[in-house]
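Engineer: Keeping their order, the protein sequence lines are chains R and B. First residue of the first sequence? That's 1 in the working numbering, and the numbers climb one at a time after it. First residue of the second sequence? That's 1 in the working numbering, and the numbers climb one at a time after it. The C-beta atom is built at its ideal place from N, Cα and C for all residues, glycine as well. Can you keep this structure in mind? I'll have questions shortly.
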Amino acid sequence: MAVVSSESVPVANETDVVTVRRRVREVAGTLGLSLVDQTKVVTAASELARNTLLHGGGGTMELTTLNGPRLGIRLTFEDKGPGIPDIQLALRDGFTTGSGLGLGLGGAKRLVNEFEVVSRVGEGTKVTIVRWK
Amino acid sequence: MEKIPILRMGEFLLATIQVDMHDRLALALQDDLTTRISETGARGVLIDISSLEIVDSFIGRMLGNIAAMSRVLDAQTVVVGMRPAVAITLVELGMSLTGVKTALNVDAGMELLHSAVDGEREFYGSRI
């Protein structure tokens, strides 16, 4: 899997979440993803960026474009927040520790081709998603 | 702070969302619309989201909240202009906007609001 380009976008406040959406949209468009696939990956990014901000206390998004075997976009959201004690539970629809609907993590997973969560309690959380063209 | 403008058209309120909203702006719209319904006695609210490139769970929840709050204040809410890609994504995300009336465009939305409000009048009128 060859990395074509990579950049880091801060996720420190609500305006950054809007920037994340815009940047992901631009890159997904440049890669030639269909409009529906662009919309799915931007929506997933919006959910995960909000999680990073609200549950992780802020962090970063690493945006990488991939070439091989296909073109794709990979997003890695990383924070140094409290971590997720039970990932299976956090992925379940309707489960929430905050005031949201509990669709963020599980919903984002349904919108992409690859999804991985690595989390350590007290150390932080890293969520990686890939949408292939 | 920037705001989404709310226009009054007779007994209806009209909000057109033309910017990518951060969460606080979405919450402000929810509060503003609820306040305006109560101030004006509006019978209907039309929200045009045709400019929105995505609706995530937060915006979806806001639309549901506005519909629920307006119902309690005796007004109907119609969300119009959702893009097809947004509709597909929203349902896969797990949100079906239960309880939110929708129409394809502003014209169809206004028609829906008129018939809903007229229908209520007939219903209550027949009992007096």
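Jot down the residue ranges of each uninterrupted beta strand (DSSP E) in the segment 53-90 of chain R, minimum 3 residues, whole runs only, in chain order.
Structural biologist: Runs found: 59-67, 71-79.
Engineer: Only counting the same chain, and skipping five residues up and downstream in sequence, which positions put a Cβ closer than 6 Å to that of alanine 15(B)?
Structural biologist: Cβ neighbours of alanine 15(B) beyond the five flanking positions: Ile4, Ile6, Ile47.
Engineer: For the alpha helix (DSSP H) containing phenylalanine 58(B), name the first residue and the last one.
Structural biologist: Run containing phenylalanine 58(B): 57-72, per the alpha helix (DSSP H) assignment.
Engineer: Give the DSSP-derived three-state secondary structure of lysine 40(R) in the structure shown.
Structural biologist: Helix.
Engineer: Would the beta-carbon of glutamine 76(B) fall within 9 Å of that of valine 45(B)?
Structural biologist: A contact, by the Cβ cut-off of 9 Å.
Engineer: Mind the definition here: the segment 78-92 of chain R touches the segment 52-69 of chain R only if three or more C-beta pairs lie below 8 Å; say whether that holds.
Structural biologist: Short answer: they touch.
Engineer: Use the C-beta contact count for isoleucine 128(B): other C-beta atoms within 10 angstroms, 16 or more gives buried, fewer gives exposed.
Structural biologist: Residue placement at isoleucine 128(B) is poorly supported in this model, since its pLDDT is 47, which falls under 50; the coordinates still yield a value, given next. Exposed is the call here.
Engineer: Based on the DSSP output, what are the partners of aspartate 48(B) in its beta bridges?
Structural biologist: Partner(s): Thr16(B), Val80(B).
Engineer: Could you tell me whether the Cβ atoms of leucine 97(B) and leucine 104(B) are closer together than 9 Å?
Structural biologist: Contact flag unset, no.
Engineer: Distance cutoff 9 Å, beta carbons only. Does histidine 22(B) sit that close to anything in chain R?
Structural biologist: By this cut-off, histidine 22(B) is an interface position.
Engineer: Using a C-beta cutoff of 9 Å, does isoleucine 128(B) count as contacting chain R?
Structural biologist: The predicted position of isoleucine 128(B) is uncertain, since its pLDDT is 47 and thus under 50; a value taken from the coordinates is nonetheless stated next. Output row for isoleucine 128(B): interface = no.
Engineer: Classify isoleucine 26(R) as helix, strand or coil using the three-state DSSP reduction.
Structural biologist: A small fix is needed here, since residue 26(R) is glutamate in this sequence, not isoleucine. It is helical.
Engineer: In terms of DSSP beta bridges, what is methionine 1(R) paired with?
Structural biologist: DSSP lists no partner for methionine 1(R).
Engineer: Between valine 24(R) and serine 119(R), what straight-line distance do the alpha-carbon atoms span, to the nearest angstrom?
Structural biologist: Valine 24(R) and serine 119(R): Cα-Cα distance of roughly 23 Å.
Engineer: Would a C-beta distance cut-off of 9 Å place leucine 48(R) and leucine 105(R) closer than the cut-off?
Structural biologist: Yes, the pair counts as a contact, with Cβ atoms nearer than the cut-off.
Engineer: With DSSP collapsed to three states, give me the class of serine 8(R).
Structural biologist: Strand, per DSSP.
Engineer: Please go through the same chain and pick out, in chain order, the residues whose beta-carbon is closer than 7 Å to the beta-carbon of threonine 136(R), but skip the five residues on each side of it.
Structural biologist: Past the edges of chain R, shown from 1 to 133, lies residue 136(R), and the structure says nothing about it.
Engineer: Opposite glycine 41(B) in the DSSP bridges: which residues?
Structural biologist: Paired residues: none, contrary to the question.
Engineer: Hey, isoleucine 59(B) and methionine 21(B) are a contact pair by Cβ (cut 8 Å); roughly how many whole angstroms apart?
Structural biologist: Going by Cβ atoms, the distance from isoleucine 59(B) to methionine 21(B) rounds to 7 Å, so yes, they are a contact pair.
Engineer: When you compare only the Cα positions, how much space is there between glycine 10(B) and threonine 40(B)?
Structural biologist: Straight-line Cα distance between these residues: approximately 10 Å.
Engineer: Would a check of beta-carbon distances place valine 79(B) closer than 9 Å to chain R?
Structural biologist: Not closer than 9 Å to any Cβ of chain R, the Cβ of valine 79(B) fails to qualify, so no.
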